[in-house]
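Below you'll find the structure, written out as structure tokens, and then a few comments.
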Amino acid sequence: MGNSYGLWPLVVINSLIFIVFAFSFTKPKTARDWRSFGAFSAFIVALFAEMYGFPLTIYLLSGWLTKWVPGLDPFTHNSGHLLEDLFGWGGDPHFGPFHLVSYVLIIYGFSLLASAWKVLYAAQRANRLAMTGPYARIRHPQYVAFILIMLGFLFQWPTLLTLIMFPVLVWMYTRLAKSEEKEAQKEFGEQWNAYARQTHAFIPRLRSPVSKDIVG
3 MGNSYGLWPL VVINSLIFIV FAFSFTKPKT ARDWRSFGAF SAFIVALFAE MYGFPLTIYL
63 LSGWLTKWVP GLDPFTHNSG HLLEDLFGWG GDPHFGPFHL VSYVLIIYGF SLLASAWKVL
123 YAAQRANRLA MTGPYARIRH PQYVAFILIM LGFLFQWPTL LTLIMFPVLV WMYTRLAKSE
183 EKEAQKEFGE QWNAYARQTH AFIPRLRSPV SKDIVG
């Protein structure tokens, strides 16, 4: 595998960069917050462990990959960008179509995470519902942000482990969101019901965001 893998310091450094960056925008407090953040962190560690440590996915698929893409050396770092390999992208994979899509998803995901946190933090301090900013169009923008970031990394560097983890984490975030909504309904009553009628949980509605009379 040459010098492309076994770079465990890079695994640690890159994992810490993205985990700390996400932590700075989420600042988990409750057990539920820590579960969602911990699941995201586990995904990031699993990703970089294969990206720079041991390429388990490439090792398991190397025989099939060399038949599918003649001349491919599966154990160079560039060959780890599997979608570019499989779809015949001949240039630098860092500028390939799937990689560019991943940049957009990751950057937008972190941007959404940051903007959602500002609104949520202010709402929690005032003991009111978060219904402005990203929350004016979807009820759980922070979970959507985590999902977009993970999806971006899947476009960039798919692995068997992260492909298995992704739907499990989406299911977990859905469960956490439902639990949060039950608590919000108990605390805010009709205001929550009116807000929920005008927004979707994860997919923004195309029509106008939450009306001002509900926000108050």
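Numbering (my numbering), first residue to last: 3 to 218. Note that beta-carbon positions come from the ideal geometry of N, C-alpha and C, so glycine has one too.
Burial state of residue i, where buried means 16 or more other Cβ atoms lie within 10 Å
| i | result |
| --- | --- |
| F97 | exposed |
| F45 | buried |
| H202 | exposed |
| V13 | buried |
| E86 | buried |
| G219 | Only positions 3 to 218 of the chain appear in this structure, which leaves residue 219 out of reach. |
| W119 | buried |
| F89 | exposed |
| A33 | exposed |
| G93 | exposed |
| F128 | The sequence shown places Ala at residue 128, rather than the Phe named in the question. Exposed. |
| A82 | With the sequence shown as reference, residue 82 is identified as Gly, and Ala is not the correct amino acid for it. By the neighbour-count rule (16 or more Cβ atoms within 10 Å), G82 is buried. |
| I15 | exposed |
| I166 | exposed |
Helix, strand or coil at residue i [DSSP, three-state]
| i | result |
| --- | --- |
| H101 | helix |
| H142 | coil |
| H202 | strand |
| T28 | helix |
| W159 | coil |
| Y54 | helix |
| F39 | helix |
| S6 | coil |
| V172 | helix |
Per DSSP, the bridge partner or partners of residue i
| i | result |
| --- | --- |
| I46 | Note: I46 sits in no beta bridge, so no partner. |
Proximity to residue i [Cα-Cα], best of the options
| i | options | result |
| --- | --- | --- |
| G135 | A128, L12, A116, R127 | A116 |
| M174 | L122, R199, L156, G40 | G40 |
| T28 | W70, V47, Y123 | Y123 |
| I140 | M53, Q200, Q187 | Q200 |
| L178 | L9, P72, P143 | P143 |
| I60 | T161, I15, F100 | T161 |
Quiz prompt | Segment contact flag, the region 144 to 160 with the region 109 to 116, C-beta cutoff 8 Å, min 3 pairs | solution = With the cut-off at 8 Å, the region 144 to 160 and the region 109 to 116 touch.
Quiz item: Between the region 19 to 33 and the region 63 to 82, are three or more C-beta pairs nearer than 8 Å?
Solution: Between the region 19 to 33 and the region 63 to 82 there are fewer than three C-beta pairs closer than 8 Å, too few to call the two in contact.
Self-check item: Three CB pairs or more closer than 8 Å across the region 47 to 56 and the region 153 to 168
Solution: The region 47 to 56 is in contact with the region 153 to 168.
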